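Residue numbers (our numbering), protein chains in the order written: chain A, 1 to 292; chain B, 1001 to 1172.
Here a beta-carbon is modelled for each residue, glycine too, at the ideal position from N, C-alpha and C.
Owing to the predicted nature of the structure, the values given are computational and were not obtained by experimental measurement.
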Amino acid sequence: MAPPANRRSGFSRRAQYGLFFGYVLAVAGVLLAIFLLIISAVDPRGFSALRGLALDATSPATAGGRSVIRFFGGMGESVGAYFNAASKNAAMRQEIEVARQKLIETRATEYENRRLKQLLGVAEESEQRVATARVIGSSFDALYQYATLAAGSGSGVQVGMPVRGPEGLIGRVLDSGRFASRILLVTDGSSNVPVVLVRDGTPAIATGRGDGAMDLKTLEVGENPFRRGDLLVTSGTGGIYPPNIPVGVVVALAGDSAIARPLASPGRLDYAVVLRPYQPPGEEAYAPEGPR
Amino acid sequence: MSRIIGSSSEHRLRDIRRFYTPLITTIAAILLSVFPIVSQASPTIPDLGFMVLISWRLLRPEAWTPRTALLLGLLNDFVTGHPLGQSMAIWTLVFLAFDFIESRVGFKDYWLDWFFAGVAIIFYTVSSWYVAHVMGNQADISVTLPQMIISVLAFPIVGRVVLAFDRWRLAR
């Protein structure tokens, strides 16, 4: 193909100046963009109003698309369910039996737990729900692992609040619009969650890796305390995330750290509960902010 | 012209189509990122907005100035939730670089377009990673590799789609 000839402005002074000023404007635009970038790095919440607005504007498309996908996905599922109904029924009945037994055991443990806590004088602090909403979308970018939630400041959702699903911790609120909010998933590289190992209570920090898993770093030097299959729950250290929310399972060991998969897998996110930021007992009121 | 087309309103319609098709297809590609296709554990879907943008730029160099990239980048930053200014800066820089390259390199063909698009995609991915890194994201640069490679390999496909739109745009 021939090179484009239209860029040459010929001998016309006016056209030459026009082209030149076009470039000056573009370079000025780049500088402006870098300036904006620096502002967003220094003050991550500087443009929150604008970002919330953009979130609100795009959320209907997201929600609509999601229901279309759900419809088609659901169709395949229900046809399959119809054919497998009989065998599934039997399996479920068996499962219920097991679950009922487990439930009774758990109730007994819970009762004992409560009594022991009363004995120790520890005040029970349950998670406080702010809103329950559908997860309507998610980003597919390695560096920015976000999900979009169909609830915003209209339902009381504020930036910094922790978000959990039925299986475990999902992340925390990053931007909130009026009807929608953006959640930073625990697998995002800028997410740090203080966790403890359920087996022996070793504290660690779970940092996102960007590929759907988390890196675990212990706070103590020594031998690797993790084993494959270990369960991790939030510790509540430092606030924001309430304690005892399941976070992930250790899937691999790497040197003196370990790799964990989140229990609330991003592919299966469905409903999420926004919680009030946890305030460790004996500390000042938590002002929601934090590094992005 | 008007003899072939028939009426002046059709004429106007065709002008609108000629002028706005690149812009609308690019905006649509940017908005695709809010459409919840799937959420995967390790993301491998190319950034379609950027791919369509550089496809149009390489196909029709005269259609857009770098300022267009600035505004489309602003839209992309808002829609995807990236730090404000990231796509604005990178996309405009890519356009300026394309302008510079085209003024130096005297010819243009399929392979060269693919090559420059590949360089642009790699630059875009690495600089996005760098911006995220500076802002405290601890993801390793290797996690962006699958997405980068797939984007480079998928560029001819996106280019084909854009070419089809271009044919439709210029059809009478």
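field: Same chain only: Cβ atoms within 6 Å of B/S995, ignoring 5 sequence neighbours per side
entry: An answer regarding residue 995 of chain B cannot be provided, because it is not within the stretch 1001 to 1172 covered by chain B.
Residues, ordered as in the chain, of the segment 1056-1067 of chain B that lie near chain A by beta-carbon distance below 7 Å: Of all residues in the segment 1056-1067 of chain B, P1061, E1062, T1065, P1066 and R1067 have a Cβ within less than 7 Å of some Cβ in chain A.
task: Grab me the residues of A/R182's own chain with a C-beta within less than 7 Å of its C-beta, minus the 5 sequence neighbours each way, in chain order.
output: Within the same chain, A/R182 has close Cβ partners L55, Y146, T148, L174 and D175.
field: Expected contact under 8 Å - CB spacing of A/G156 and A/A133 to nearest Å
entry: That belief does not hold up - the Cβ atoms of A/G156 and A/A133 are roughly 11 Å apart, past 8 Å.
- prompt: So which residues on chain B does A/E40 lean against when the C-beta distance must stay under 7 Å?
  reply: Reading off the sequence, residue 40 of chain A comes out as Ser, not Glu. Within chain B, the residues near A/S40 are P1083, L1084 and G1085.
- prompt: Where does A/T207 fall in DSSP's three states?
  reply: Annotated three-state conformation of A/T207 is strand, per DSSP.
field: Residue-chain proximity (B/W1076, chain A), Cβ-Cβ < 8 Å
entry: At residue 1076 of chain B the sequence reads Asn, which differs from the Trp that was named. So no, B/N1076 is outside the interface.
task: Measure the alpha-carbon distance for A/V250 versus A/L232 and round it to whole angstroms.
output: Roughly 8 Å separates the two Cα atoms.
- request: Look up B/M1135 in the DSSP assignment and say whether it is helix, strand or coil.
  value: B/M1135 falls in the coil class under three-state DSSP.
message: Could you pull the DSSP bridge partners for A/M214 from this structure?
response: Beta-bridge annotation (DSSP): A/M214 is paired with A/G208 and A/A260.
query: Using DSSP with H/G/I as helix, E/B as strand and the rest coil, what is A/L219?
result: In the three-state reduction of the DSSP assignment, A/L219 falls in the coil class, being assigned neither a helical nor a strand state.
- prompt: Name the chain B residues whose beta carbon is nearer than 8 Å to that of A/F47?
  reply: Going along chain B in sequence order, the residues near A/F47 (Cβ under 8 Å) are L1084.
- request: Starting from B/W1173, find everything on chain A with Cβ-Cβ shorter than 8 Å and list it in chain order.
  value: Here chain B covers residues 1001 to 1172 and nothing more, so residue 1173 of chain B does not appear.
Helix, strand or coil at B/T1080 according to DSSP, with G and I counted as helix: The answer is helix: DSSP assigns B/T1080 an H, G or I state.
task: Give the residues of chain A in contact with B/S1128, contact being defined as C-beta atoms less than 8 Å apart.
output: Within chain A, the residues near B/S1128 are L143.
- request: Identify the continuous alpha helix (DSSP H) that holds B/S1009 and give its terminal residues.
  value: Element bounds for B/S1009: S1008 to L1031.
message: Can you confirm whether A/R209, when its beta carbon is compared against all beta carbons of chain B, has any partner nearer than 8 Å?
response: Interface annotation, A/R209: in contact with chain B, CB-CB separation under 8 Å.
field: Cβ-based neighbour list, A/N244, same chain, cut-off 7 Å, excluding 5 preceding and 5 following
entry: The answer, listed in chain order, is V233 and T234.
Buried or exposed by the 16-neighbour rule on C-beta atoms within 10 Å, applied to A/N89: Residue environment: A/N89 is assigned as exposed (fewer than 16 neighbouring CB atoms within 10 Å of its CB, all protein chains considered).
- prompt: Excluding sequence positions up to five away, which residues of its chain have a Cβ less than 6 Å from the Cβ of B/F1019?
  reply: Result list for B/F1019: empty, nothing under 6 Å.
- prompt: How would you list, in chain order, the residues of chain B whose beta-carbon sits under 9 Å from the beta-carbon of A/Y17?
  reply: The premise fails here: A/Y17 is roughly 14 Å from chain B at the closest Cβ pair, so nothing lies under 9 Å.
- prompt: Do three or more CB pairs link the segment 1060-1079 of chain B to the segment 1087-1100 of chain B at distances below 8 Å?
  reply: Because the criterion of three Cβ pairs below 8 Å is met, the segment 1060-1079 of chain B and the segment 1087-1100 of chain B touch.
task: Could you check if B/T1068 is buried or exposed, using at least 16 other CB atoms within 10 Å of its CB as the buried criterion?
output: Buried.
- prompt: Beta-carbon separation of A/A162 and A/R178 under 8 Å?
  reply: With the sequence shown as reference, residue 162 of chain A is identified as Pro, and Ala is not the correct amino acid for it. It is not a contact, given that the beta carbons lie outside the stated cut-off.
- request: Have a look at B/V1119 and B/R1017 and give me their C-alpha separation to the nearest angstrom.
  value: If I take the Cα positions, the gap works out to 31 Å.
task: Provide the residue span of the beta strand (DSSP E) that contains A/S131, from first to last.
output: Note that residue 131 of chain A corresponds to Ala in the displayed sequence, not to Ser. Looking at the DSSP string, the run of the beta strand (DSSP E) that includes A/A131 is R129 to S138.
query: Is A/M92 buried or exposed, if buried means 16 or more other CB atoms sit within 10 Å of its CB?
result: Within a 10 Å sphere around the beta-carbon of A/M92 sit fewer than 16 other beta-carbons, which makes this residue exposed.
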